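Working notes, beginning with the structure itself.
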Amino acid sequence: MVGMVTRKTGVFSSELYHLVITDKRLIFALQTHENQVSDVKQAREQAKKEGKNLLGQIGAQIATRSGDKYMNGTPELIMAENAKNFAIDLDHIVKISVFHGDFDDNAPDSLEIKTITQKLKFTISNAYAVQKQLKSILGSKVH
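Under this note's numbering, the residues of the sequence shown are numbered 1382 to 1524, in order.
The following block contains the structure:
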(Lines of atoms letter the chains of each structure in order from A and count residues from 1; the text may use other names and numbers.)
(Lines give C-alpha, C1' and ligand atoms only; values in the text may rest on other atoms or scores of the structure.)
Protein backbone atom coordinates (compact mmCIF):
# COMPACT_ATOMS: atom_id res chain seq x y z
CA MET A 1 0.00 0.00 0.00
CA VAL A 2 1.27 3.44 -0.95
CA GLY A 3 -0.86 6.29 0.30
CA MET A 4 -1.18 9.73 -1.21
CA VAL A 5 0.01 9.30 -4.80
CA THR A 6 -0.76 12.42 -6.85
CA ARG A 7 -1.19 12.57 -10.62
CA LYS A 8 -1.16 15.93 -12.38
CA THR A 9 -4.18 16.39 -14.66
CA GLY A 10 -3.64 19.99 -15.71
CA VAL A 11 -1.70 23.14 -14.92
CA PHE A 12 -3.59 23.75 -11.67
CA SER A 13 -5.28 20.39 -11.12
CA SER A 14 -4.37 16.94 -9.92
CA GLU A 15 -5.95 13.70 -8.70
CA LEU A 16 -5.05 11.94 -5.48
CA TYR A 17 -4.85 8.14 -5.39
CA HIS A 18 -3.92 5.37 -3.02
CA LEU A 19 -1.77 2.75 -4.74
CA VAL A 20 -2.61 -0.84 -3.84
CA ILE A 21 0.14 -3.29 -4.75
CA THR A 22 -0.98 -6.85 -5.42
CA ASP A 23 0.85 -9.87 -6.80
CA LYS A 24 -0.86 -9.37 -10.19
CA ARG A 25 -1.38 -5.62 -10.64
CA LEU A 26 -1.06 -2.11 -9.32
CA ILE A 27 -4.44 -0.62 -8.46
CA PHE A 28 -4.92 3.14 -8.27
CA ALA A 29 -7.90 4.10 -6.06
CA LEU A 30 -9.02 7.69 -6.60
CA GLN A 31 -9.51 9.70 -3.43
CA THR A 32 -12.16 12.32 -4.05
CA HIS A 33 -12.72 15.17 -1.61
CA GLU A 34 -15.87 13.38 -0.48
CA ASN A 35 -13.90 10.15 0.17
CA GLN A 36 -11.37 12.04 2.24
CA VAL A 37 -13.99 13.88 4.31
CA SER A 38 -15.91 10.64 4.91
CA ASP A 39 -12.76 8.70 5.89
CA VAL A 40 -11.70 11.41 8.35
CA LYS A 41 -15.19 11.58 9.88
CA GLN A 42 -15.35 7.79 10.30
CA ALA A 43 -11.86 7.67 11.82
CA ARG A 44 -12.70 10.44 14.29
CA GLU A 45 -15.98 8.75 15.32
CA GLN A 46 -14.26 5.37 15.74
CA ALA A 47 -11.54 6.96 17.89
CA LYS A 48 -14.21 8.61 20.07
CA LYS A 49 -15.99 5.24 20.48
CA GLU A 50 -12.68 3.73 21.59
CA GLY A 51 -12.36 6.48 24.22
CA LYS A 52 -9.38 8.21 22.67
CA ASN A 53 -8.63 11.79 23.61
CA LEU A 54 -8.21 14.66 21.13
CA LEU A 55 -4.66 13.62 20.19
CA GLY A 56 -5.81 10.06 19.59
CA GLN A 57 -8.60 11.34 17.36
CA ILE A 58 -6.18 13.50 15.39
CA GLY A 59 -3.87 10.51 15.01
CA ALA A 60 -6.76 8.44 13.66
CA GLN A 61 -7.56 11.19 11.15
CA ILE A 62 -3.95 11.34 9.95
CA ALA A 63 -3.89 7.55 9.56
CA THR A 64 -6.61 7.81 6.89
CA ARG A 65 -3.93 9.22 4.56
CA SER A 66 -2.18 5.84 4.43
CA GLY A 67 -4.88 4.03 2.44
CA ASP A 68 -4.95 1.17 4.92
CA LYS A 69 -8.71 0.85 4.39
CA TYR A 70 -7.88 -1.02 1.18
CA MET A 71 -5.74 -3.65 2.88
CA ASN A 72 -8.74 -5.92 3.51
CA GLY A 73 -10.59 -5.15 0.28
CA THR A 74 -10.55 -7.37 -2.76
CA PRO A 75 -9.17 -5.93 -6.01
CA GLU A 76 -12.64 -6.17 -7.52
CA LEU A 77 -14.21 -4.12 -4.72
CA ILE A 78 -11.48 -1.50 -4.93
CA MET A 79 -11.93 -1.18 -8.70
CA ALA A 80 -15.72 -0.92 -8.33
CA GLU A 81 -15.49 1.87 -5.74
CA ASN A 82 -15.03 4.60 -8.36
CA ALA A 83 -15.22 4.62 -12.16
CA LYS A 84 -11.89 6.51 -12.27
CA ASN A 85 -10.01 3.78 -10.40
CA PHE A 86 -7.63 1.94 -12.69
CA ALA A 87 -5.14 -0.90 -12.64
CA ILE A 88 -1.93 -1.82 -14.41
CA ASP A 89 -1.11 -5.50 -14.83
CA LEU A 90 2.39 -6.25 -13.57
CA ASP A 91 3.09 -8.05 -16.88
CA HIS A 92 2.56 -4.75 -18.73
CA ILE A 93 5.11 -2.81 -16.68
CA VAL A 94 8.38 -2.23 -18.49
CA LYS A 95 10.09 -0.07 -15.87
CA ILE A 96 9.36 1.89 -12.71
CA SER A 97 11.61 4.78 -11.77
CA VAL A 98 11.55 6.35 -8.33
CA PHE A 99 13.08 9.81 -8.08
CA HIS A 100 14.19 11.41 -4.84
CA GLY A 101 13.20 15.06 -4.53
CA ASP A 102 15.68 17.89 -4.50
CA PHE A 103 15.40 20.22 -1.53
CA ASP A 104 17.32 23.02 -3.27
CA ASP A 105 15.04 23.01 -6.31
CA ASN A 106 11.92 22.30 -4.24
CA ALA A 107 11.28 19.19 -6.38
CA PRO A 108 9.10 16.51 -4.73
CA ASP A 109 9.73 12.77 -4.69
CA SER A 110 8.17 11.20 -7.76
CA LEU A 111 7.31 7.93 -9.41
CA GLU A 112 7.30 7.16 -13.12
CA ILE A 113 5.69 3.99 -14.45
CA LYS A 114 6.47 2.99 -18.02
CA THR A 115 4.15 0.35 -19.45
CA ILE A 116 3.95 -1.26 -22.87
CA THR A 117 1.58 1.52 -24.01
CA GLN A 118 2.07 4.57 -21.80
CA LYS A 119 4.11 6.51 -19.27
CA LEU A 120 2.49 7.70 -16.03
CA LYS A 121 4.00 10.20 -13.60
CA PHE A 122 3.05 10.66 -9.95
CA THR A 123 4.22 12.70 -6.99
CA ILE A 124 4.87 10.62 -3.86
CA SER A 125 5.83 11.46 -0.30
CA ASN A 126 8.51 8.90 0.64
CA ALA A 127 10.65 7.73 -2.26
CA TYR A 128 12.75 5.37 -0.15
CA ALA A 129 9.77 3.47 1.26
CA VAL A 130 7.93 3.37 -2.07
CA GLN A 131 11.00 2.09 -3.90
CA LYS A 132 11.50 -0.63 -1.28
CA GLN A 133 7.86 -1.76 -1.48
CA LEU A 134 7.79 -1.87 -5.27
CA LYS A 135 11.18 -3.57 -5.49
CA SER A 136 9.96 -6.37 -3.22
CA ILE A 137 7.22 -7.19 -5.75
CA LEU A 138 8.75 -6.17 -9.09
CA GLY A 139 12.46 -6.66 -8.45
CA SER A 140 14.69 -5.46 -11.28
CA LYS A 141 11.89 -3.48 -12.98
CA VAL A 142 12.24 -0.85 -10.23
CA HIS A 143 15.07 1.68 -10.46
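A virtual CB, placed ideally from N, CA and C, is assigned to each residue, including glycine. Since we're looking at a predicted model, the values are computed, not measured.
Backbone CA spacing between residue i and residue j [nearest angstrom]
| i | j | result |
| --- | --- | --- |
| residue 1500 | residue 1474 | 10 Å |
| residue 1508 | residue 1428 | 30 Å |
| residue 1486 | residue 1506 | 16 Å |
Residue i classed as buried or exposed, judged by whether at least 16 other C-beta atoms fall within 10 angstroms
| i | result |
| --- | --- |
| residue 1503 | buried |
| residue 1535 | What the structure shows of the chain is the stretch from 1382 to 1524, and residue 1535 is not part of that stretch, so it cannot be assessed. |
Sequence-distant residues of its chain with Cβ nearer than 8 Å to residue i (five each side left out)
| i | result |
| --- | --- |
| residue 1496 | 1469, 1473, 1474 and 1475 |
| residue 1431 | 1437 |
| residue 1386 | 1397, 1398, 1399, 1400, 1409, 1492, 1503, 1504 and 1505 |
| residue 1392 | none |
Residue i versus the options, residue with shortest Cα-Cα distance
| i | options | result |
| --- | --- | --- |
| residue 1519 | 1506, 1395, 1505 and 1494 | 1494 |
| residue 1456 | 1514, 1422 and 1399 | 1399 |
| residue 1481 | 1435, 1512, 1462 and 1463 | 1512 |
| residue 1414 | 1426, 1517, 1403 and 1395 | 1395 |
| residue 1449 | 1521, 1384 and 1515 | 1384 |
| residue 1454 | 1403, 1523, 1514 and 1392 | 1403 |
Same chain, Cβ closer than 7 Å to residue i, neighbours up to 5 away in sequence not counted
| i | result |
| --- | --- |
| residue 1451 | 1382, 1399, 1401, 1410 and 1459 |
Stretch pair the region 1459–1469 + the region 1403–1411: three plus CB contacts closer than 8 Å
yes
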